[in-house]
Amino acid sequence: MGTPRFRLLDATLNPPVLAADEEDAASQALPWVLLEVEAYVAKRENATTAFFETWDRKQIQVTLCPRRPPRVSYLCVHSPDAEIHVEPKILATEDDLVLLRIAIGRQEDVTDNLEYYVYQADDGSGRPALTHLPQPPRPYRFDSSNMGIMRCRTDHCSDDGCRQEFVVAGLSDAPDDYPEGDFVLCLYKSKDKVWTKSIVSLDEQQRRQYGSDFDHDNTKMIAIGGDAGTMGFVDLWRGILFCDVLQEEGEAIPPLRYVPLPVTRPKKKLRGEPRLCRDVAVVDGRLKYVELQLHWKNSVVVRGARLKDGWIAATYSKAATSSLEDTWSKDYEVDSNCMNFKNDPLTKLLPKMFNDEGMPLPPFKRLDVCQPTLALDHHDTVYFMTKFERQDAKAWVVVVDMKKKVLQAVCPFSAERNTFINFAYMHSRISSHLYPLSLTTSQLMCY
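When you line the sequence shown up against full-length UniProt numbering, it's residues 1 to 447, in that order.
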């Protein structure tokens, strides 16, 4: 077989044009944004632009283009003298940090040139920064499902001033000869500038409880924080592993603590990409969790065919601790078939569907609804992606107030780059850190 040929999609070279009314978003400190998981490869510059020079003197720049939700913000990566043949990917974001993976080099070397970078809205100097990370210990490679980032509890100060530190964590299964409940944890601390590798294990009591039945396939990482630097390794089908990553030098990492997610469906149905139907986040010191399920019905026209018939979503929450005494509580549940859409002008913005007789159907009937995303503020809202079909290039971001059970907003979203992956964006608080930089509206608009 020949060498795989990588080519950027045309849509990657043409980021969305920011509308005039988005100057308002650029003039305020947005508490959080939706952020596309794949960056664009284009030259866009504003006051958030950070620069880095590689070992062979190639120039790289990263720019944030913020947009008020439900519009989706994005990053632009550009190099005037380096080749980029595959979409840069956002692996994680927390606080004012974004962890990126960028492949720079010839087409035939793409898979060997995956490099990790950390973009900071403010590195402590009042300016954005782009930091290159050394490669994780071999043979481990990480992606958005098993890699996360978190601010450290203290800054590193020297004669040159104080630098805000961070830690990057990657979790992998332990080798086959290790028992169930053992994992390999790779940590990069910006203060030390090196990776460390260690075996971490499930708490002994929980190891006895689950035995050989323990199963964990990581799909997301969350930063909980605190003095111990607690991170949550999330299997969105099953539960969360709590890990304290900020130990004093020479101290071992404590055992992992496991908290199951709410049990809402039979195990046999736990398959596929869970981020298309579940999400978890830390909001105001609490863990919030959302689950989406589609309604289905049999077609009366095509034998054996199944038709999408609306959806139901529920949110849960608990204290952001590993204590099993802090149980999940169900907050809200919304069934699209029970929502009151009468005289709601927002329904006119949704794609229109018709039954087999050509009559218009109620909202969400026969539509594909996926990727519930929790808002990162105190509002009880969930953001959904809606399409005619999963493979479509056109989509809508739909905002639902879970408490009031009403539509809050509908916004078109270009999903040309997500016709097969579908997982298109993540929530991020990076926008809340822009205005300590004293950026003006014109400085934040992308040009």
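Note that the Cβ used here is the ideal one computed from N, Cα and C, for glycine as well.
For residue i, which of the options has the nearest alpha-carbon?
i	options	result
residue 302	244, 152, 192 and 356	356
residue 364	377, 275, 379 and 385	385
residue 184	190, 191 and 197	197
residue 221	176, 169 and 251	169
residue 176	286, 199 and 144	199
residue 249	191, 285 and 217	191
residue 314	380, 347, 376 and 226	380
residue 334	361, 343 and 291	291
residue 178	272, 119, 326 and 212	212
residue 392	418, 63, 34 and 43	418
residue 272	217, 309, 325 and 226	217
residue 255	215, 412, 11 and 206	206
residue 455	146, 187 and 151	Any question about residue 455 goes unanswered here, given that the chain covers just 1 to 447.
residue 20	44, 67 and 46	67
residue 18	390, 429, 72 and 48	72
residue 224	46, 204, 214 and 152	152
residue 69	388, 382, 389 and 390	382
residue 346	358, 330, 412 and 294	412
residue 429	120, 47 and 46	120
To which residues of the same chain is residue i closer than 8 Å at the C-beta, ignoring the five residues directly before and after it?
i	result
residue 141	114
residue 350	363, 364, 367, 386, 396, 398 and 410
residue 210	180, 181, 202 and 258
residue 285	319 and 320
residue 453	With the chain covering 1 to 447 only, the question about residue 453 has no answer from this structure.
residue 253	185, 198, 200, 243, 244, 245 and 247
residue 344	406 and 407
Report back the beta-carbon spacing between residue i and residue j to the nearest angstrom; my notes put them in contact at under 8 Å.
i	j	result
residue 336	residue 311	5 Å
residue 403	residue 316	14 Å between Cβ atoms; not a contact.
residue 189	residue 167	5 Å
residue 416	residue 13	Not confirmed; about 11 Å, so no contact.
residue 414	residue 15	Going by Cβ atoms, the distance from residue 414 to residue 15 rounds to 10 Å, so no, they are not a contact pair.
residue 116	residue 99	7 Å
residue 376	residue 283	6 Å
residue 56	residue 96	About 29 Å; that fails the 8 Å criterion.
residue 51	residue 171	Rounded, the Cβ-Cβ distance is 31 Å, inconsistent with contact.
residue 65	residue 42	The pair is not a contact, with the Cβ atoms about 10 Å apart (cut-off 8 Å).
residue 139	residue 195	Actually they are not in contact, since the Cβ atoms of residue 139 and residue 195 sit about 13 Å apart, beyond 8 Å.
residue 34	residue 427	6 Å
Output needed for residue i: all residues of its chain with C-beta closer than 6 Å, excluding positions within five of it in sequence on either side, in chain order.
i	result
residue 460	No answer is possible for residue 460: the residues shown for the chain start at 1 and end at 447.
residue 280	234 and 289
residue 86	6, 103 and 110
residue 262	316 and 328
residue 458	Residue coverage of the chain in this structure runs from 1 to 447, which leaves residue 458 outside it and unanswerable.
residue 299	305 and 307
residue 1	Note that residue 1 has pLDDT 46, beneath the 50 cutoff, so the model's placement of it is unreliable and the number below is only indicative. Same-chain partners within the cutoff: there are none.
residue 277	292
residue 61	49, 51 and 78
residue 401	381 and 408
residue 94	149, 150 and 223
Keeping to the same chain, check which residues put their C-beta closer than 7 Å to that of residue i; ignore five residues upstream and five downstream.
i	result
residue 260	238 and 239
residue 287	280, 317, 318 and 320
residue 440	With a pLDDT of 48 at residue 440, under the threshold of 50, the predicted position of this residue should be treated as unreliable, though the coordinate-derived value follows. So the list is empty, once near-sequence residues are dropped.
residue 432	29, 30, 31 and 32
residue 83	104, 105 and 106
residue 322	242, 257 and 259
residue 80	59
residue 53	59
residue 353	361, 365, 366 and 367
residue 137	186, 195 and 197
residue 143	91
residue 215	238
May I have a chain-ordered list of the alpha helix (DSSP H) segments no shorter than 4 residues that lie completely inside the region 7-80?
-> Segments of the alpha helix (DSSP H) lying fully in the region 7-80: 23-26.
Counting Cβ pairs closer than 8 Å, one from the region 89-109 and one from the region 34-45, do we hit at least three?
-> By the Cβ test, the region 89-109 is in contact with the region 34-45, since at least three Cβ pairs between them sit closer than 8 Å.
Which whole runs of the beta strand (DSSP E) in the region 211-260 are 3 residues long or more, in chain order?
-> Runs of beta strand (DSSP E) with 3 or more residues, each lying fully within the region 211-260, are found at 220-225, 230-235, 239-244 and 257-260, listed in chain order.
Cβ contact check for the region 226-235 and the region 244-253: 3 or more pairs under 8 Å | yes
Would you check if the region 101-113 and the region 162-177 touch, i.e. whether three or more CB-CB distances between them fall below 8 Å?
-> no
Taking only runs of the beta strand (DSSP E) that begin and end inside the region 330-380, which ones reach a length of at least 3 residues, in chain order?
-> 368-374
With contact counted as at least three CB pairs below 8 Å, one residue from each stretch, are the region 413-428 and the region 371-390 in contact?
-> yes
If you scan the region 287-324 from start to end, which runs of the beta strand (DSSP E) of 3 or more residues do you find wholly inside it?
-> 306-319
Beta strand (DSSP E) segments (min. 3 residues) lying fully within the region 67-149 = 72-78, 89-94, 97-103, 114-120 and 129-133
Run through the region 378-427 for me and flag every whole beta strand (DSSP E) of 3 or more residues, listed as ranges in chain order.
-> 381-387, 394-401 and 406-414
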